[in-house]
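2 protein chains.
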Amino acid sequence: MSAEDIRTLDPILRPRSIAVVGASRQPGTIGYQVVANLVRHGYTGVVYPVNPKANSIHSIPAYASVAEIPGEVDMAVVVVPKQHVLDVVDQCGAKGIKGLVVISAGFREVGGAGAERERELVERVRRHGMRLVGPNCMGVMSTAPELSMNATFAPNMPPPGPVSLMSQSGAMGVTILDYAAEYGIGINDFVSVGNKPDVSGNDLVQYWGEDERTSVILMYLENFGNPRHFTPLARKVTKKKAIIVVKAGRTGAGAQAASSHTGALAGLDVATDALLAQCGVIRVDTVEELFDMAMAFGTLSVPKGNRVAIVTNAGGPGIIIADACEARGLDVAPLSEETQASLREVLAAEASVRNPVDMIASATPESYRLVLDRVLGDESVDAAIAAFVPPLGIKQEEVAGAIVDATRGHDKPVLAVLMGREGLPAGRAQLKEAGVPGYIFPESAAKALAAMYRHRQWQERPEGTFVEFDVDRPAVRRIMDEACAKKTEHLAGPDALAVFQAYGIPVLESRVVQSGEEAAAAAEELGLPVVLKIESPDVVHKTDVGGVVLDLRTPEKVRKACDAMLERVRTELPDARVAGVLVQRFVAGGRETIIGGTTDPTYGPLLMFGLGGIYVEVLQDVVFRVHPISDLDAREMVRSIRGYKIFEGFRGEPPVDQDTMVEVIQRVAQLMAENPEIEELDINPFLVQEKGGVALDARVRIRCG
Amino acid sequence: MSAEDIRTLDPILRPRSIAVVGASRQPGTIGYQVVANLVRHGYTGVVYPVNPKANSIHSIPAYASVAEIPGEVDMAVVVVPKQHVLDVVDQCGAKGIKGLVVISAGFREVGGAGAERERELVERVRRHGMRLVGPNCMGVMSTAPELSMNATFAPNMPPPGPVSLMSQSGAMGVTILDYAAEYGIGINDFVSVGNKPDVSGNDLVQYWGEDERTSVILMYLENFGNPRHFTPLARKVTKKKAIIVVKAGRTGAGAQAASSHTGALAGLDVATDALLAQCGVIRVDTVEELFDMAMAFGTLSVPKGNRVAIVTNAGGPGIIIADACEARGLDVAPLSEETQASLREVLAAEASVRNPVDMIASATPESYRLVLDRVLGDESVDAAIAAFVPPLGIKQEEVAGAIVDATRGHDKPVLAVLMGREGLPAGRAQLKEAGVPGYIFPESAAKALAAMYRHRQWQERPEGTFVEFDVDRPAVRRIMDEACAKKTEHLAGPDALAVFQAYGIPVLESRVVQSGEEAAAAAEELGLPVVLKIESPDVVHKTDVGGVVLDLRTPEKVRKACDAMLERVRTELPDARVAGVLVQRFVAGGRETIIGGTTDPTYGPLLMFGLGGIYVEVLQDVVFRVHPISDLDAREMVRSIRGYKIFEGFRGEPPVDQDTMVEVIQRVAQLMAENPEIEELDINPFLVQEKGGVALDARVRIRCG
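Those protein sequence lines, which keep their order, are chains F and R. Taking this note's numbering, the leading residue of the first sequence gets 1, the next gets one more, and so forth. Taking this note's numbering, the leading residue of the second sequence gets 1001, the next gets one more, and so forth.
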């Protein structure tokens, strides 16, 4: 959608008047509850209940049909039985209504006639120039005081706040809203998208990306509608706002191609992980983590660095938080000497002033205020976590108040952990009001702070460049056409290598020769040094008869060695059939990697990089990214495998050429993007050396005709 | 402790009379709170407050000193200032008191004079034949109705139940108790062990191991006192009961030896992980997981298998639970055809009856009852998780009631997830009463069930055998004495290999010879086939001059090849200094592994197994176990590395000999256990082949004198 197109969602998210079609006087029905919610939560616009059999609903005049409504209507909430929905849509269209929220179920989710009904619904909506949320959804909510709209049938409306939520599951959405209030998370908009044949997650990300009230976007997803649109959009939005996603269910990425390397490794939901990581989206595993993150991102600005100070009144929580922080890349470094000295002035002799600061059980609310203030003033501290375990006689709310006081005048994020039950709601409320997220469990605070730091790293990360290499497209076209003519959908060995060579990737060539003279010529053509190997089906142990000579460095040595080899074999194995001698460039040392890709039905080209050889399958030390891939993305791929150290000069061995891997990954990405007939490919191994590298073997699978 | 010795804890955990020394009339003091807690929570024994300045405390007659108490006293709770503690101990000893709980702080935790005071305290306690909990602790609790003792200064006492808790941090202990009530977790005993110079976690595990009321033991640990006692004890107790541990802080295991392989890899807290895994102890990362586990283990018996049925009223939670179950080794297989047919009878047409069973939003409490009952009756189901998201008009407590009804008559664990906030406490209470754990977040239930299944696997796992191999101890003694005489604490190459050879581990030997004749003799001695390599500081590219010949299979070939090699080098490089020709057994193929060990100051011998070569350091695909190691433990080590598949015949290559690795691991374990001077060792690589294997290189570090 363009910037203007986003505004087509305004009638749904910012309506000045709402018709509830299928409004009811009967408590317990959805038609009753939607009107009740609008009224009870103080919707500031006009509500028009539509019901042919009632004069008024909730004391509001009711109309027999949409056509009879006297004023202008922005949005209609439709709760009539499924068989009447299409007629209602036409009536809304005739009335000039531009926003539609269809709560009614019985569409694609039930299959068969339902799917047909949904196709018809979308067609009519398009015809009338409307936008549609649902069908089969819970409705929409917008809490901003000047709107205060609860157009759902969920009974509670959370307090206003900076978090907007879209949920593909209505039930999960309502549960999330329900707990949001308890966690002190304020909500701006909530959209239950239902079957989402029109308004999708992408539309909402774009809308909320431009929405001033929204600084955090939460998404509960069960599948991705159009990830290729999501990628560029999310990349942009996450530079300004946080997008936090719980994705339930696993994608079938590559499941059909599970027989081959990349396909098998791309199984499960690595594609989703790759996609989200490339867009700076924070993926969480559980709904609980969603809350933990939302609390922090909703109230704090991201820390400037990863150095965290921990302040507690007991050793246990301090250790737990420190462990959790360090495990996630935060740095729990000792405080400056000056800060330590200034803490010693105000703390008991038994207290520990390094970091974590353990003020011991005798700490008072005033201790929290003094110590936090001094710690936040330390230039070696970027953020703080304050944890409190209630001992005898100190109230949580007093400590909460002291923590809030201490944060004033410091521009650094502070997270609080209140570990007691008594006084918790009061303490949390106080923290929330002051913009300090309050956690119950110490690990949650550490996780959230670590995610914020990673988000800052993402936001500061340059985009990288997207290169288009000059390649030999016709050559690839020719190879694929020939293969298809021969009904060969699997290319291997030299045929496959030729495809990569056409895209500028160095491959290992070889020649079979019959004499020393020919060998020397081939060696000069292929590049020295070379290897010679006897080519004979009858020579099993080639080394036994001197049938392998490595690392020949001059044409003269090649000539001699080849003649000697042919002579030796003729003498020692006179009956062996000899096809000649294979001349191949000698590549020694280096590291085996795999560079591959698979075309995911949902995500498009999915690129893979990892350790090669047998280790790729056994250890699965591989990493994925979806197209498009910048030079920076490619470099991150190389750096993010577990075995990365192996490339960096290791135990006296020289480092290998990372630039080459980065370039080859980008070239392979371009090859896949420009040739969508390629279903899957891999170079295994791609041998990367001190300088440059070479593809030793490869496979390409194409889809013909 | 022997079975009788455990009973020495009875005066502390089951006292019939308690003296509170340092009791106070002043609210807000610990001396007041302890007496108040005993009285308020209905302690069924006799309380004797001791305070020289009060006639009565809480209407109970007070005594000026312990000596003046008229009756017999089992236990004294000591809350006097630190400088009076030692005197009080002597008075208690004189009175014949056998149990002591010292809450007073100011001992080892403050260092210096405090540590000295603690040593004196322990000595006096031993002299009087007492047992001591604390000092620097929160006290002890025992909720059994016939005792009902809250001898702590924590205000709340949780309801009785099957879970006993020990905490090294008083603050964390109180927090855990505080939330236990909210999670519906009943507590039997609580002991805050404080500095634990006498009564330790080991004592309590043994006590609770024999305690009929305790079926789950929770431990919050910051360090291990004596892991070598813990191991055999926990191994036994976990066969009957669950032990769940949160261990905060990281052990310094091997940190001092971080320069070398095994040491560096053994960093962090792998030793703790290894130890706990070997004992069947469930280690959790967070306090929250501790609750999730305790709820399940405290109320359910472990499932007979891993097949779980999921019943929900919305798709979202069903997907989340299924994902979480499968990720943790549970099987969400389709229900039997009969069950599916019987569910179709009672559910809406749109419902899904496979597994997860999605009854959709129209499901009633009766649907839960009917469906769960049928699902539990399915023979292909071992356990069930029922999740409920509240839609309009259905109450959580009604669903909870239906779930409880359905579980009756089935001997299978059922876990419930109630995702709404309203009615949650009532719903949870109902579940708890019926022994069904109730979770808020769907992932928590899946995690807990998976842990229960793993616990069953542990309980069914045979012990394995602990073999003592017949080895050449004097040979190792000799090598170590010689090394120490030469002040060589690091053995490498042949010296190190000799150590392993003495313990029956095959090592690769070599000889340097001067002629073909000698080479043939050496080859016969070492075993054919062999490799020949020219030994010369002046030959850099050995292959260039034919200075390497592999895989020679007869003495005759060895003789010829050696003479030819010497001749060739003499001709082509007349100036090269030649030391001779190295003869070594030819080992081809096989897989490189590392087998090593380090002596951890706390844990004793810590054995390591993993992939060898450069991959060991880069990928750290290694696994640890602490001594003693049964054959089964060794086999599990081999099987539990990520790259295990590489041993199992892979891509047409033959499988390698796993029995050999298992035996070598056990022999290395014996070597370390019998020679405590060995600080660290590794065989890297140990090449394992189709049949047998061989150590190619090794290092041993010993501590002399």
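Cβ atoms here follow ideal geometry from the backbone N, Cα and C, with glycine treated the same way. Computed from a predicted structure; not experimentally measured.
How many angstroms separate the CA atom of V1246/R from the CA atom of C1279/R? Rounded to whole angstroms, V1246/R to C1279/R spans 15 Å at the Cα level.
Between the alpha carbons of L372/F and A1498/R, how many angstroms are there, rounded? When the Cα atoms are used, L372/F and A1498/R turn out to be separated by approximately 60 Å.
Are V513/F and A522/F touching if we call contact CB-CB under 8 Å? Contact flag set, yes.
Alpha-carbon to alpha-carbon, N684/F and P1654/R: The alpha-carbon atoms of P1654/R and N684/F are separated by roughly 21 Å.
Minimum Cβ-Cβ distance from R1421/R to chain F less than 8 Å: Interface residue, yes.
CA-to-CA distance, I1320/R to A180/F, given in whole angstroms: A180/F and I1320/R: Cα-Cα distance of roughly 19 Å.
So what's V1545/R in DSSP terms, helix, strand or just coil? Correct three-state label for V1545/R: helix.
Taking D1405/R as the query, report the chain F residues whose CB atoms sit under 8 Å from its CB, ordered along the chain. What D1405/R touches in chain F, judged by beta-carbon distance under 8 Å, is nothing: the nearest beta carbon there is about 23 Å away.
Using DSSP with H/G/I as helix, E/B as strand and the rest coil, what is H1627/R? The answer is coil: DSSP assigns H1627/R none of H, G, I, E or B.
Closest to L300/F by C-alpha separation, out of I646/F, I629/F and M452/F, would be which residue? Ranked by Cα distance from L300/F, the first of I646/F, I629/F and M452/F is M452/F.
Which of helix, strand or coil does DSSP assign to V1389/R? In this structure, V1389/R counts as coil in the three-state DSSP scheme.
Give the residues of chain F in contact with D1178/R, contact being defined as C-beta atoms less than 9 Å apart. Simply P390, M419, G420, R421 and E422.
Checking contacts by CB at 8 Å: is A1361/R closer than that to chain F? The Cβ of A1361/R sits closer than 8 Å to at least one Cβ of chain F.
Quick one: does V1110/R have its CB under 8 Å from some CB of chain F? It does: the Cβ of V1110/R has a partner Cβ on chain F nearer than 8 Å.
Going by Cα to Cα distance, which pick from S367/F, S65/F and G516/F is closest to V80/F? V80/F has its Cα closest to that of S65/F, out of S367/F, S65/F and G516/F.
Would you identify the three-state DSSP class for H84/F, choosing helix, strand or coil? DSSP, reduced to helix, strand and coil, places H84/F within a helical segment of the structure shown.
Taking three-plus beta-carbon pairs below 8 Å as touching, is the region 1270–1278 of chain R in contact with the region 1393–1402 of chain R? They do not touch, by the three-pair rule.
Between A266/F and V1332/R, what straight-line distance do the alpha-carbon atoms span, to the nearest angstrom? Low confidence applies to A266/F: its pLDDT is 44, below 50, so where it sits in the model is not reliable enough to give any reading.
I'd like to know if T339/F contacts chain R, where contact means its C-beta is closer than 8 Å to some C-beta of that chain. Chain R, which has no Cβ nearer than 8 Å to the Cβ of T339/F, makes this no.
Compute the Euclidean distance between the alpha carbons of P1227/R and L1233/R, then round it to the nearest angstrom. Each residue's Cα considered, the two are about 10 Å apart.
Can you list, in chain order, the residues of the region 1137–1170 of chain R whose Cβ is nearer than 9 Å to any Cβ on chain F? Taking 9 Å as the cut-off between beta carbons, the residues of the region 1137–1170 of chain R near chain F are F1153, A1154, P1155, N1156, S1167, Q1168, S1169 and G1170, in sequence order.
Element boundaries [alpha helix (DSSP H), containing D1495/R]: Per DSSP, D1495/R belongs to the alpha helix (DSSP H) from G1493 to A1502.
State the CB to CB distance for the pair A1151/R and V1101/R, rounded to an integer number of angstroms; the pair is presumed to be in contact (CB under 8 Å). About 6 Å separates the two Cβ atoms, so the contact holds.
Contiguous beta strand (DSSP E) assignments of at least 3 residues, all confined to the region 1396–1459 of chain R: Entirely contained in the region 1396–1459 of chain R, the beta strand (DSSP E) runs reaching 3 residues are, in chain order, 1414–1418.
Using CA coordinates, which residue listed in G1692/R, E1337/R, V1583/R and T1598/R is at the minimum distance from G1504/R? Residue G1692/R is the option with its Cα nearest to G1504/R.
Grab me the residues of F1297/R's own chain with a C-beta within less than 6 Å of its C-beta, minus the 5 sequence neighbours each way, in chain order. Excluding sequence neighbours, F1297/R sits near V1216 and A1242.
Anyone know if the C-beta pair for E592/F and L687/F falls short of 8 Å? Yes, Cβ-Cβ distance for E592/F and L687/F is below 8 Å.
CB P1303/R to CB K1412/R, shorter than 8 Å? The Cβ-Cβ distance between P1303/R and K1412/R falls below 8 Å.
Are any of the Cβ atoms in chain R nearer than 8 Å to that of A115/F? No, A115/F does not count as interfacial toward chain R.
Between which residues of its own chain and L418/F is the CB-CB distance below 6 Å, once the five residues before and five after are set aside? Cβ within range, chain order: F388, Q396, L424, G427 and G438.
Which same chain residues end up closer than 8 Å to Y1644/R when comparing Cβ atoms and leaving out the 5 residues on each side of it in sequence? So the qualifying residues of the chain are V1638.
Should the region 209–224 of chain F be called in touch with the region 17–34 of chain F, which here means at least 3 C-beta pairs below 8 Å? Contact fails: fewer than three Cβ-Cβ distances are below 8 Å.
Burial state of E1704/R, where buried means 16 or more other Cβ atoms lie within 10 Å: It is Cys, not Glu, that sits at residue 1704/R in the sequence shown. Counting the other CB atoms within 10 Å of its CB gives C1704/R a total below 16, which places it among the exposed residues.
So that I know if they touch, is there some Cβ in chain R lying closer than 8 Å to that of Q689/F? For Q689/F, not one C-beta of chain R is nearer than 8 Å to its own C-beta.
Take A348/F and list the residues in its own chain whose beta-carbon comes closer than 7 Å to its own, dropping the five residues that flank it on each side. If you ignore the 5 residues before and after A348/F, its C-beta comes within less than 7 Å of the C-beta of I360 and S362, all in its own chain and listed in chain order.
Could you tell me whether the region 598–614 of chain F touches the region 575–588 of chain F, using the rule of 3 or more Cβ pairs below 8 Å? Verdict: no, contact absent.
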